[in-house]
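These notes are about the structure you will find just below.
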Amino acid sequence: MTTKAREDSLSPGDYEALANLRFALRKFTEFSNAEVSNLGLTPQQHQALLAIKGLPPEKEMTVGMLADRLLIAPHSATELVDRLADAGYIKRVSSKVDGRRQIVRLMDKTERILAKLSGAHLHEIREMAPELMEALRILQDRRKLEKIAWMA
Amino acid sequence: MTKETLSGSDYEALANLRHTLRRFMDFSTSAAQEEGLPSQQHQALLAIKGHPEEDAMTIGLLANRLLIAPHTATELVGRLSAADLVTRHSDPEDKRRQTLTLTAKADAVLLRLSAVHLTEIREMAPELITILQRLQAKVT
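These protein sequence lines are chains A and B, in that order. Using our numbering, the letters of the first sequence correspond one by one to residues 5 to 156. Using our numbering, the letters of the second sequence correspond one by one to residues 284 to 423.
Structural data, given as structure tokens:
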């Protein structure tokens, strides 16, 4: 795991692709944050609503699952759900499967907001996708990558 | 922009995309932190290193690449310079214009960070490409 051995493993093109990848992701995040705040939501609130909406139909969203999906602490998820419920975006209901379990559900107005936001995001993602996939392809399509993965 | 109705699986793909990106950002932030670098400083070093060699990196360009205000970029470069990670050179043709290069110390840190990032990206790439293709394919 010496620096010397790794030194030969990254070309200027690799650094360029890494930098381009991050630039594309930054632009996407900026776009997303601006769109979301235009509709009066914080990025984290939007991500919570999207996580609920994006759940496969057979699943129900609990606060614990939401914490997992957003990579936040359970108590942060609880606070987030409280704020979203207070603002009328979601409601807490009992699970039909297990009545003791509390799940969260989107309100009608939230469905409309998400449809609007997600349409705009889809458009932006399609713009960004070629750039992102090109960077991923450069970074992925390398034998030496095997070597790096193996050394790291 | 075409009006299209999003299906349940479009929302699922969008949510999965963001989950994948969050995991990557979390990984990246902790990897940089382990090297003692705030995330933004890491991104600045990468932007300088990843800049095509033909033209020099300047504070203005760095601000553009990081999507931050010029004065924020100036402060950032000041901190990087104080930490012996970046060197500023005055342009002989335009004294107000400063170009930026990495120090040997920054090169070494960035090499370690980039190697672990490549490993992580390689793991994430197939999933990310599948989601992007899924979201792209729906153009009607």
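We treat Cβ as the ideally placed atom computed from N, Cα and C, and that holds for glycine. Bear in mind that the values here come from a model prediction, so they are computed numbers and not experimental data.
- The bridge partners DSSP lists for residue 372 of chain B are B:382.
- No residue range can be given for residue 351 of chain B, since it is assigned to no beta strand (DSSP E) and is classified by DSSP as neither H nor E.
- Listed along chain A is no residue with a C-beta nearer than 7 Å to that of residue 313 of chain B; the closest approach is about 11 Å.
- Cβ neighbours of residue 373 of chain B within its own chain (closer than 7 Å, five residues either side excluded): 381.
- Residue 298 of chain B has its alpha-carbon roughly 36 Å from the corresponding atom of residue 390 of chain B.
- Runs of beta strand (DSSP E) with 3 or more residues, each lying fully within the stretch 68-155 of chain A, are found at 94-98 and 106-110, listed in chain order.
- Non-local beta-carbon contacts of residue 140 of chain A in its own chain, meaning distances under 6 Å to residues more than five positions away in sequence, are absent.
- At a cut-off of 8 Å between C-beta atoms, residue 321 of chain B does not count as an interface residue with respect to chain A.
- Using a CB distance below 9 Å, the part of the stretch 285-310 of chain B facing chain A consists of 285, 286, 287, 288, 289, 291, 292, 293, 294, 295, 296, 297, 298, 299, 300, 301, 302, 304, 305, 306, 307, 308 and 309, ordered along the chain.
- Around the Cβ of residue 415 of chain B, a 10 Å sphere holds 16 or more other Cβ atoms; the residue is buried.
- Among the bridge pairs identified by DSSP, residue 377 of chain B is matched with B:374.
- Among the bridge pairs identified by DSSP, residue 341 of chain B is matched with B:382.
- Here the alpha carbons of residue 405 of chain B and residue 14 of chain A stand approximately 14 Å from one another.
- The beta carbon of residue 116 of chain A does not come within 8 Å of any beta carbon belonging to chain B, so the residue lies off that interface.
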